[in-house]
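Only one structure is covered here, and it is reproduced in the block below.
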Amino acid sequence: MVARFLERIGFEAVILHEQANQGRTVIEKVEAHGDVGFAVVLLTPDDEG
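In structure tokens, the structure reads:
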């Protein structure tokens, strides 16, 4: 829902869990897409450690 909203207002949404892993960790995926102006991160209570 958030990604679709961003696309509607003209931004390109990159959704990491939709990207092929290619043996990379989540942080490696973030680094590969690090040339962005901003990021939106959605967390659930389960993500809090």
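Every position in the sequence shown, counted from 1, becomes a number in this note's numbering once 14 is added. C-beta: ideal position from N, C-alpha, C; glycine also.
Pick out whichever of A53, L57, G48 has its Cα sitting closest to the Cα of F25. Ranking the options by Cα distance to F25, first place goes to A53.
message: For D60 and K43, I'd like the C-alpha separation in whole angstroms.
response: It is roughly 21 Å from the alpha-carbon of D60 to the alpha-carbon of K43.
*Pick from V16, A27, R38 that is closest to V50, judged by C-alpha positions*: Ranked by how close their Cα comes to the Cα of V50, the residues V16, A27, R38 have A27 in first place.
May I ask you to report which of helix, strand or coil DSSP gives I29? In this structure, I29 counts as coil in the three-state DSSP scheme.
Quiz item: Going straight from the alpha carbon of I29 to that of A17, what length do you get?
Solution: Looking at the backbone, the Cα of I29 and that of A17 are separated by about 8 Å.
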